[in-house]
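Protein chains in written order, with the working numbering: chain A, 1 to 325; chain B, 326 to 650.
There are 2 protein chains.
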Amino acid sequence: MTQPLRVAVTGAAGNIGYSLLFRLAAGDCYGPDQPIILQMLEIPPAMKAVEGVAMELDDAAFPLLHGIEFSDDPNVAFKDANQIFLVGSKPRSKGMERSDLIRENGPIFVGQGKAIQAVAASDVFVITVGNPCNTNCWIAMNNAPDVPNERFTAMTRLDENRAVAQLANKAGVQTTEVADMIIWGNHSATQFPDYKNATIGGTPAASRLDEAWLQGDFIKTIQQRGAQIIEARGASSAASAASAAVDHMRDAWHGTGDRMVSMAVPSRGNYGVPENTIFSFACRCTGRGGYEIVDGIEFDAFGRDKFATTLAELTEEASVVSDLV
Amino acid sequence: MTQPLRVAVTGAAGNIGYSLLFRLAAGDCYGPDQPIILQMLEIPPAMKAVEGVAMELDDAAFPLLHGIEFSDDPNVAFKDANQIFLVGSKPRSKGMERSDLIRENGPIFVGQGKAIQAVAASDVFVITVGNPCNTNCWIAMNNAPDVPNERFTAMTRLDENRAVAQLANKAGVQTTEVADMIIWGNHSATQFPDYKNATIGGTPAASRLDEAWLQGDFIKTIQQRGAQIIEARGASSAASAASAAVDHMRDAWHGTGDRMVSMAVPSRGNYGVPENTIFSFACRCTGRGGYEIVDGIEFDAFGRDKFATTLAELTEEASVVSDLV
Chain A
1 MTQPLRVAVT
11 GAAGNIGYSL
21 LFRLAAGDCY
31 GPDQPIILQM
41 LEIPPAMKAV
51 EGVAMELDDA
61 AFPLLHGIEF
71 SDDPNVAFKD
81 ANQIFLVGSK
91 PRSKGMERSD
101 LIRENGPIFV
111 GQGKAIQAVA
121 ASDVFVITVG
131 NPCNTNCWIA
141 MNNAPDVPNE
151 RFTAMTRLDE
161 NRAVAQLANK
171 AGVQTTEVAD
181 MIIWGNHSAT
191 QFPDYKNATI
201 GGTPAASRLD
211 EAWLQGDFIK
221 TIQQRGAQII
231 EARGASSAAS
241 AASAAVDHMR
251 DAWHGTGDRM
261 VSMAVPSRGN
271 YGVPENTIFS
281 FACRCTGRGG
291 YEIVDGIEFD
301 AFGRDKFATT
311 LAELTEEASV
321 VSDLV
Chain B
326 MTQPLRVAVT
336 GAAGNIGYSL
346 LFRLAAGDCY
356 GPDQPIILQM
366 LEIPPAMKAV
376 EGVAMELDDA
386 AFPLLHGIEF
396 SDDPNVAFKD
406 ANQIFLVGSK
416 PRSKGMERSD
426 LIRENGPIFV
436 GQGKAIQAVA
446 ASDVFVITVG
456 NPCNTNCWIA
466 MNNAPDVPNE
476 RFTAMTRLDE
486 NRAVAQLANK
496 AGVQTTEVAD
506 MIIWGNHSAT
516 QFPDYKNATI
526 GGTPAASRLD
536 EAWLQGDFIK
546 TIQQRGAQII
556 EARGASSAAS
566 AASAAVDHMR
576 DAWHGTGDRM
586 VSMAVPSRGN
596 YGVPENTIFS
606 FACRCTGRGG
616 YEIVDGIEFD
626 AFGRDKFATT
636 LAELTEEASV
646 VSDLV
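If you want it as structure tokens, here you go:
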């Protein structure tokens, strides 16, 4: 029998956590032959709720779920964890500026980074979902200096999936026809969904769809999709965010072959992005958390401008929390 | 390419629906090679919310999800549907008696039964999740006289899964060690979780665990688990109910081999249960919606008493809505 993977999830009683945990337990991420132990972290006021989530996970009698644990202490929840989903973060409240949000969340990721270094498994691999996810990831990474930087990643796969769906719908094809639809930069309104290098049925998306739409409504839709979902559902994206987290971690675990996917990862100086900035790049995953950043992708003036804007925002975000790293 | 299955889900914007749809789209029910088209039904006030759910399904870019439709008209949502999940129902409000709940829900299932007969695919197979699910299923079945009765089923798999988890936890083993844990009768507090015929690691559960616990706390826990979840989570079971619906329909679609599972199905006179009463029996599934009720399971005096109680309740429920069939 394969040894169970220890999978930690923070914000486990939140809406994304609730969607994510059942997908993980069903085998959607690590496959039908890989048992897992779920280790859930929540804040003290949510301990009763997370106990309820644990009861429901129990009640699903998942064959692959070999254990369920929960705690309000990251040093317990991350103990020997191989895979960590940093989902929990303080949400933006009314009237709050983005810089306030960054300051509010920073200390959480200081503590979690330290706990990852102290107690996680030696092969630990981390996805950061809680926003602002690039900067939260950067804070955690810098507080775990003994863990190789490349193990810390943040999620832009939801943006990629949204972009893939928009292109597929516009072209009237299935999403499986769309490839190389890469999100660059920050998971925020400045992100750059690079339709120029995307293909539909093997041909460039830009040759198949109207460029004015691609530069205009397409990019705007991806950047503002979160708000549209809140407007329609009366609640923020949860199951689609969880699904993207599953996609990100499944690809990192099983590998992508020649396929490129978007992951925010520490730069190694690629494309002029300063080293260790958590920037969304085109990546190919080699499995078990290994990946390479794909170099040599070209941008036109429009793309270079978008790229510079999102990088500037990330640099600015880092300066807001520079005391925490 | 395999032809997509048309899968209809009612109550699509509700909490169970929201958990269920993403599991279906991920391939958890019909497998990694079977594309599906989701056809969602909601009530008119929830049209905006279901549009938001459709947007999130889109945003997940599921490779197997070949279409997303929604409507407030069952004649649209059930059109050519091969598989139907009747999830939506009016919840019990404070001070409401069970008989009131049955009367409130009855008319919904009259209309849905008629629509199934009118527009669903000729191989349609139905699971009823919305409570009181046995009686709702019975109403729908009786309003679709041209559809073979055995295509209408109701869900007791959540109770079975809960029972399996309780036995496994008590014995200190994985849930995969527990077999033949059958729920008999009504999906309600009178249900009979028959631990007598269940096995743990191939030996009778009753020889391994304390009989006083099995007859007492074990049965009480299964019967009252829903209330415990509400108490802990502050919300009713959603993801575990969705997971059980996936299990029920996956087993019905792919078959169970020698394994027995609990499904509420129209009696063919088995065990003295009047014909066409929707009663939870031990079933073996032969695939593509085919199944047989397992006969010849024996009960002691304790079991016979429990069996009689749950059957009496179902007969009483039917009398409350006899004008609707």
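Every residue gets a Cβ at the ideal spot worked out from N, C-alpha and C, and that includes glycine. From a predicted model like this one, the values you see are computed outputs, not experimental measurements.
Listed along chain A is no residue with a C-beta nearer than 9 Å to that of D542(B); the closest approach is about 15 Å.
In terms of beta-carbon proximity, F22(A) lines the interface with chain B, with at least one pair separated by less than 7 Å. No Cβ-Cβ contact shorter than 7 Å links P369(B) with L389(B). Sixteen is the threshold: when 16 or more other Cβ atoms of the shown chains lie within 10 Å of the Cβ of Q437(B), as they do, the residue is buried. By the neighbour-count criterion, in which 16 or more other beta carbons inside 10 Å mark a residue as buried, S562(B) falls on the buried side.
A contact is defined here as three or more CB-CB pairs under 8 Å, and the stretch 252 to 272 of chain A meets this definition with respect to the stretch 290 to 297 of chain A. Burial check for Q549(B): the Cβ neighbour count within 10 Å stays below 16, so the residue is exposed. The Cβ of R250(A) sits no closer than 7 Å to any Cβ of chain B.
Contact of P432(B) with chain A is not assigned, every C-beta pair being separated by 7 Å or more.
Sequence-distant Cβ neighbours of K306(A) in its own chain, meaning closer than 7 Å and more than five residues away, are F192.
For G497(B), no Cβ of chain A is located within less than 7 Å of the residue's own Cβ. DSSP places T153(A) inside the beta strand (DSSP E), whose first and last residues are 152 to 154. Taking a beta-carbon distance threshold of 7 Å, D72(A) does not count as an interface residue toward chain B. Fewer than three beta-carbon pairs drawn from the stretch 132 to 141 of chain A and the stretch 209 to 223 of chain A are found closer than 8 Å, and the two stretches are therefore not classed as touching.
Burial of D383(B) is indicated by the presence of at least 16 other C-beta atoms within 10 angstroms of its C-beta.
G201(A) is the residue among D159(A), G31(A), A227(A), G201(A) whose C-alpha sits nearest the C-alpha of V178(A). Contact check for A49(A) against A25(A) fails: the beta carbons are separated by 7 Å or more. For the options G413(B), E638(B), S647(B), D505(B), the alpha carbon positioned closest to that of N340(B) is the one of G413(B).
Collapsing the DSSP output to three states places Q228(A) in a helix. Segment contact: the stretch 270 to 289 of chain A against the stretch 147 to 162 of chain A, three or more CB-CB distances shorter than 8 Å; contact assigned. Fully contained in the stretch 547 to 599 of chain B are the following beta strand (DSSP E) runs of length 3 or more, in chain order: 586 to 591. When the Cα atoms are used, D542(B) and A232(A) turn out to be separated by approximately 44 Å.
Proximity of D59(A) to chain B, defined by a Cβ-Cβ separation below 7 Å, is satisfied. Taking all protein chains shown into account, S267(A) has 16 or more neighbouring C-beta atoms within 10 Å of its C-beta and is therefore buried. Nearest CB-CB separation between P266(A) and chain B: not below the 7 Å threshold. With contacts defined as CB atoms closer than 7 Å, M574(B) and I452(B) qualify as a contacting pair. If you draw a straight line from the Cα of F78(A) to the Cα of Q3(A), it is about 17 Å long. One thing to note: D448(B) has its Cβ within 7 Å of the Cβ of N407(B).
Identification of residues in the stretch 510 to 541 of chain B having a C-beta nearer than 9 Å to some C-beta of chain A yields an empty set.
With its beta carbon at least 7 Å from every one in chain B, S280(A) lies outside the interface.
DSSP places D58(A) within a helical segment (H, G or I) once states are collapsed to three.
With respect to chain B, the C-beta atom of M40(A) has no partner C-beta closer than 7 Å.
Straight-line measurement puts the Cα of D505(B) at about 10 Å from the Cα of D583(B). Chain-ordered listing is empty here: chain B has no CB closer than 7 Å to the CB of D323(A), the nearest sitting near 36 Å.
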